[in-house]
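Novice: Pasting in a structure now, in structure tokens, and then I'll have a few things to ask.
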Amino acid sequence: MVLSLAWIAVMLIAGTLWVRRDIAAYARFQTQSDTIDRQRLYRRWLIESFAVLGGASVFSLWLADALWPFTGFPSAFAPASRLLQSDGSISGDQWLPIAIGLFFGMVISVAIKWRQIKKSLAPGAGPDQALIPRNRREATLALLLSLNAGFSEELFFRLALPLLLLQVTGSLTLALVLSILAFGLAHAHYGWKGVLATTAAGALLTLYYLHHGSLLRVMTAHAVINITAFFVRPAIADLILSRKAPRWALAAS
Numbered sequence: 491m492v493l494s495l496a497w498i499a500v501m502l503i504a505g506t507l508w509v510r511r512d513i514a515a516y517a518r519f520q521t522q523s524d525t526i527d528r529q530r531l532y533r534r535w536l537i538e539s540f541a542v543l544g545g546a547s548v549f550s551l552w553l554a555d556a557l558w559p560f561t562g563f564p565s566a567f568a569p570a571s572r573l574l575q576s577d578g579s580i581s582g583d584q585w586l587p588i589a590i591g592l593f594f595g596m597v598i599s600v601a602i603k604w605r606q607i608k609k610s611l612a613p614g615a616g617p618d619q620a621l622i623p624r625n626r627r628e629a630t631l632a633l634l635l636s637l638n639a640g641f642s643e644e645l646f647f648r649l650a651l652p653l654l655l656l657q658v659t660g661s662l663t664l665a666l667v668l669s670i671l672a673f674g675l676a677h678a679h680y681g682w683k684g685v686l687a688t689t690a691a692g693a694l695l696t697l698y699y700l701h702h703g704s705l706l707r708v709m710t711a712h713a714v715i716n717i718t719a720f721f722v723r724p725a726i727a728d729l730i731l732s733r734k735a736p737r738w739a740l741a742a743s
């Protein structure tokens with residue numbers, strides 16, 4: 491217990507320093523136009539996040555007696571999972587009218603909100619706008635960064651940290667809430683709006699994880715969210731607003 495408390499204190503201090511440095515680095519990144527400098531920061535974030543979060547996850551899981559035998563969904567999370575399980579089910583003959591209704595509802599909503607949708611797709615719409623790759627080399631690094639975030643962040647914030655906090659506090663609810671808040675604060679370089687958005691996303695990912703019980707699923711979902719933000723949405727914006735292919739699909743350097 492003493493070692494676990496000491497490790498949490500170390501992570502709190504080191505995490506605070508790391509986030510403060512990231513805030514400064516991201517502010518600098520937003521002003522950079524040279525792709526070599528941008529690629530250097532992409533690589534630094536990729537290597538550091540994998541090493542730091544991966545290492546912290548392994549040590550935290552060891553302290554929580556969950557490193558071996560490793561399971562993507564520990565039995566300690568079972569009470570929360572049972573609360574999210576629903577006994578209700580939809581029969582096969584009910585899916586078709588539901589799907590048709592959802593489809594036409596989406597079409598009508600898009601038609602009504604078309605101008606707002608175009609505005610939301612415009613450049614500068616989100617705090618992570620600067621991370622959108624500008625050429626193929628940046629795109630490769632951004633893709634690796636997205637995949638790594640799905641792996642290392644979910645391993646730490648969805649599994650390792652909650653388990654360690656549960657061991658120390660004895661409360662699963664408190665452990666999950668603190669982990670969600672830590673996930674949001676870890677993205678402080680996006681500003682307070684980004685912290686709120688990532689905290690909300692962390693809460694949804696936690697619910698998704700507890701409901702399905704699969705760490706791989708939530709890792710994949712996280713990676714898909716990042717890939718959508720860095721590639722899919724900008725590509726759609728380029729096609730709709732300027733009728734051209736994305737910059738990263740054309741530029742090679």
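Each number in this note's numbering comes from the position in the sequence shown (counting from 1) with 490 added on. Ideal Cβ positions, reconstructed from N, Cα and C, are used throughout, including at glycine. These numbers were taken from a predicted model, which means no experiment stands behind them.
1) Could you check if R518 is buried or exposed, using at least 16 other CB atoms within 10 Å of its CB as the buried criterion?
2) May I ask you to verify whether the stretch 629 to 644 touches the stretch 551 to 561, counting CB pairs closer than 8 Å and requiring at least 3?
3) Out of A727, S547, L695, which has the shortest C-alpha to C-alpha gap to I498?
4) For the candidate residues T696, A496, V658, S550, whose alpha-carbon lies nearest to that of L666?
5) Could you check whether H701 and L574 sit closer than 7 Å to each other, using their CB atoms as the reference points?
6) Could you check what DSSP says for G692 in three-state terms: helix, strand or coil?
7) Can we say the stretch 671 to 688 touches the stretch 700 to 719, given the rule of at least three CB pairs closer than 8 Å?
8) What residue from F646, E628, G692, D618 has the CA that sits closest to G505's CA?
9) How long is the line joining the alpha carbons of V509 and L729, rounded to whole angstroms?
10) Taking the continuous alpha helix (DSSP H) assigned at P652, which residues delimit it?
11) When the distance is taken between beta carbons, is A713 closer than 7 Å to L637?
12) Since L634 and Q529 should fall inside the 8 Å C-beta cutoff, what is the C-beta to C-beta distance between them, to a whole number of angstroms?
13) Between T525 and R624, how many whole angstroms is the CB-CB distance? I'm expecting something under 8 Å.
14) Which of helix, strand or coil does DSSP assign to Q575?
15) According to DSSP, is N625 helix, strand or coil?
16) Are L651 and L553 close, meaning C-beta to C-beta below 7 Å?
Specialist: Judging by the given coordinates:
1) Working through the sequence shown from its first residue, we reach residue 518 at position 28. R518 should be labelled exposed.
2) No, because fewer than three Cβ pairs between the stretch 629 to 644 and the stretch 551 to 561 fall closer than 8 Å, the two stretches do not touch.
3) Position 8 of the sequence shown holds residue 498. Of the candidates A727, S547, L695, the one whose C-alpha sits nearest the C-alpha of I498 is S547.
4) Locating residue 666 in the sequence shown gives position 176, where the first residue counts as 1. That would be T696, whose Cα lies nearest to the Cα of L666.
5) Position 84 of the sequence shown, counted from the first residue, corresponds to residue 574. Position 211 of the sequence shown, counted from the first residue, corresponds to residue 701. Taking 7 Å as the Cβ cut-off, L574 and H701 qualify as a contacting pair.
6) Taking the first residue of the sequence shown as position 1, residue 692 is located at position 202. Helix, per DSSP.
7) The stretch 671 to 688 is not in contact with the stretch 700 to 719.
8) On the sequence shown, residue 505 is found 15 positions in, with the first residue counted as 1. The alpha carbon of G505 has as its nearest neighbour, out of F646, E628, G692, D618, the alpha carbon of F646.
9) The residue you call residue 509 lines up with position 19 of the sequence shown. The residue you call residue 729 lines up with position 239 of the sequence shown. V509 and L729 have their C-alpha atoms roughly 35 Å apart.
10) Here residue 652 corresponds to residue number 162 of the sequence shown, with the count starting at 1. 651 to 659 is the extent of the alpha helix (DSSP H) around P652.
11) In the sequence shown, counting from the first residue as 1, residue 637 sits at position 147. In the sequence shown, counting from the first residue as 1, residue 713 sits at position 223. Yes, these two residues count as a Cβ contact at 7 Å.
12) Here residue 634 refers to the residue found at position 144 when the sequence shown is read from its first residue. Here residue 529 refers to the residue found at position 39 when the sequence shown is read from its first residue. Contact doesn't hold; Cβ gap of about 11 Å is too wide.
13) Taking the sequence shown and counting its residues from 1, one reaches residue 525 at position 35. Taking the sequence shown and counting its residues from 1, one reaches residue 624 at position 134. T525 to R624, Cβ: 6 Å. Contact.
14) Within the sequence shown, residue 575 is the residue found at index 85, counting from 1. Residue state, collapsed to three classes: coil.
15) For the purposes of this step, residue 625 is identified with residue 135 of the sequence shown, where counting begins at 1. If DSSP states are grouped into helix, strand and coil, N625 belongs with coil.
16) Translated into positions along the sequence shown, residue 651 becomes position 161. Translated into positions along the sequence shown, residue 553 becomes position 63. With a cutoff of 7 Å on beta-carbon distance, L651 and L553 are scored as not near each other.
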